[in-house]
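First the structure, in the form of structure tokens, and then the observations on it.
Structure below.
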């Protein structure tokens, strides 16, 4: 799915950021983010077709914007051996994120049909490592990113000559899919417990354990959430009730739709399940490159796993049910694909537990092949981008429900329609779903 992305910025004479405007339009309605800096205070306006939100926040330090970063670096002077740590504002997550830069060498590269002297600069941002060649005046003439992506400055005539006629599509989803080794998973719905080893990448952090999943080293064990007992109340659950810029649980239309979805249904668990069925039926399954806003998703009623998840989380919070976003891998038709799904806090008689659910795949709870790698919004989801193309997975063992008859569900992955993978961008590019729902 194509999308139009536009970023602009105003800077002072030292190229320090003063204001910016970012917009992303997937064709169903633009999402725009505008910001103005006054010292460390950032005034933000987030606008969609459905409405506008404003807020102010204090940043730990004045940020840069990737759009003008190369000009700023050149103005300050580049030299081999330099190392810099910067705070770069990401319009997609509305937060500062650390970027480290290492100037490695001054090289001659070919750009626009001629040799050009440029500094080779290694950049690490959001876990993604890329290399840029920056001239003395701050022009980027070549850039190399993960998964073999290379961008080179060319003349218009040369770029036109290199263009391939017709509609050419590279299936990035298949390139990122992980075909596991070990025992075969015929029908995920019959699996009660699974142990897998994730190799080729580093894993760790507080997001990995809980909700039926436990991790030792690089071995993940996931149990069916239906078999897990409820525990003491989680005091942190209340932190997942508030509205956020793209999870507008306080919007009147979101609150009204949530109430409609669970009309006549009592109890947290029953309401959470009804909401899964409702969101699954409400949205047309279509690949979308966007910054998923719950209000906008409710208006368009179109999307992939990110849109299903954003709308579900916002509607659950509107009902007073704590909910949050999880991202990781899910098994579909012989391979593991990158995916997003909600986790909802189910409470009964003073005891509760976090439960994974999947409105995209209409699962309550989500099956045990949902392997969580991170929790949270886009700023947390970016943590798994470095894994794409590097991760390997081995199924160590699995336990199938007694009496279950393994059945291969659906078709092979190659028969499914493609969904976009978000390519690493330093300018806050959009997110697409990383899994393939069934037709």
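Residue numbers (our numbering): 1 to 439. A virtual CB, placed ideally from N, CA and C, is assigned to each residue, including glycine.
- Excluding the 5 residues flanking it on each side, residue 282 has same chain C-beta neighbours closer than 7 Å at 301, in chain order.
- The DSSP assignment places no complete run of the alpha helix (DSSP H) inside the stretch 203-232 (cut-off: 4 residues).
- Between residue 262 and residue 271, the C-beta gap is smaller than 7 Å, which places the two residues in contact.
- Residue state for residue 242 is assigned as coil, using DSSP reduced to three classes.
- Judged by DSSP secondary structure, residue 260 falls within the alpha helix (DSSP H) whose first and last residues are 252-261.
- CA-to-CA, the gap between residue 321 and residue 258 works out to about 11 Å.
- Linking residue 179 to residue 292 through their CA atoms gives a straight-line distance of about 28 Å.
- With distances taken between CA atoms, residue 340 lies nearest to 371 out of 349, 371 and 217.
- Residues 331 of the same chain have their beta carbon placed closer than 6 Å to that of residue 185, with the five preceding and five following residues left out of the count.
- Using a C-beta cut-off of 8 Å, the stretch 81-91 makes no contact with the stretch 229-247, since fewer than three inter-stretch Cβ pairs fall below that distance.
- Shown here, residue 7 sits in a strand according to DSSP, grouped into three states.
- Closest option to residue 80, judged by alpha-carbon separation, among 95, 93, 59 and 103: 103.
- If you draw a straight line from the Cα of residue 326 to the Cα of residue 198, it is about 18 Å long.
- Straight-line spacing of the CA atoms in residue 349 and residue 230 works out to 10 Å.
- Excluding its 5 nearest sequence neighbours in each direction, residue 385 has C-beta neighbours in its own chain below 7 Å: 126, 127, 128 and 424, listed in chain order.
- With respect to the 7 Å criterion, residue 152 and residue 133 are not classified as neighbours on the basis of their beta carbons.
- As the crow flies, the alpha-carbon of residue 204 is around 19 Å from that of residue 356.
- DSSP places residue 273 in no beta strand (DSSP E) but in the uninterrupted alpha helix (DSSP H) bounded by 268-282.
- Note that the stretch 46-56 does not touch the stretch 114-126; fewer than 3 beta-carbon pairs, one per stretch, sit closer than 8 Å.
- Residue 353 and residue 39 have their C-alpha atoms roughly 43 Å apart.
- The C-alpha of residue 34 is placed about 37 Å away from the C-alpha of residue 211.
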